[in-house]
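Residue numbers (our numbering): 7 to 177.
One structure is given here, and the rest of the page talks about it.
Structure follows, in structure tokens:
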């Protein structure tokens, strides 16, 4: 049994070990929960105030609920404090499915939100009108997500470049 665990443990250990200190992780998760609760609240309050693209409130509500559910899934493995908690394969699969769902829904939300960008969405009599608060919130949350993805991608690309240079230097 130890041989079988040693074959898979190094790969799972990389996934399971936290890469941020615990206080930073807690603050980041609390911040993200606040954003998701705000999305749910704004989507519910302005549910019928965006006839130009009626799916934007749905997007905010569903994305907010999915985000909170995903954050809860990341908190599931609780340890006793002496050794790092083990994440089960079922939890990892559920997290993976949530990421795929949230990514696909994020793309759909982009289509719904940015389809109104060139239209006069803030005109009170226009057919493509949408409440200013909900539209700007959805627009800027989506745009900030794009910026965060770009920064992450650029950071990983720089890290990969440095690792490749170091590999050539030391081999």
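Don't be surprised by glycine CBs; every beta carbon is placed ideally from N, CA and C.
Being a predicted model, the structure only gives us computed values, none of them experimental.
Whose C-beta lies closer than 8 Å to the C-beta of residue i among residues of the same chain, with five residues either side of it excluded?
i: residue 105; result: 76
i: residue 43; result: 70, 74
i: residue 50; result: 63, 67
On the premise that residue j lies in contact with residue i, defined as a C-beta separation below 8 Å, what is that separation, rounded to the nearest angstrom?
i: residue 61; j: residue 48; result: At roughly 14 Å, the Cβ-Cβ gap does not stay under 8 Å, so residue 61 and residue 48 are not in contact.
i: residue 136; j: residue 58; result: 5 Å
i: residue 38; j: residue 73; result: 7 Å
i: residue 111; j: residue 68; result: 6 Å
Measuring alpha carbon to alpha carbon, tell me which of the options ends up nearest residue i.
i: residue 63; options: 119, 97, 82; result: 119
i: residue 142; options: 108, 79, 113, 56; result: 56
i: residue 45; options: 177, 154, 159, 115; result: 115
i: residue 35; options: 164, 81, 107; result: 81
If you drop the 5 nearest sequence neighbours on each side, which residues of the same chain put their C-beta closer than 7 Å to that of residue i?
i: residue 14; result: Legend: pLDDT at residue 14 = 49, less than 50; position of this residue unreliable, value from coordinates given subsequently. So the list is empty, once near-sequence residues are dropped.
i: residue 79; result: 97, 100, 101, 104
i: residue 145; result: 119
Do residue i and residue j have their CB atoms nearer than 8 Å?
i: residue 139; j: residue 52; result: yes
The ligand SAH and residue i: does any heavy atom of the ligand fall closer than 7 Å to the residue's C-beta?
i: residue 116; result: The ligand SAH is not among the ligands present in this structure, which contains no ligands whatsoever.
Within a Cβ cutoff of 6 Å, which residues of the same chain sit near residue i, ignoring the five residues on either side of it in sequence?
i: residue 132; result: 126
i: residue 167; result: none
i: residue 107; result: none
i: residue 129; result: 135
Is there contact between the stretch 27 to 34 and the stretch 117 to 125, where contact requires at least three CB pairs shorter than 8 Å?
-> no
Any 3 or more C-beta pairs closer than 8 Å across the stretch 92 to 101 and the stretch 134 to 154 = no
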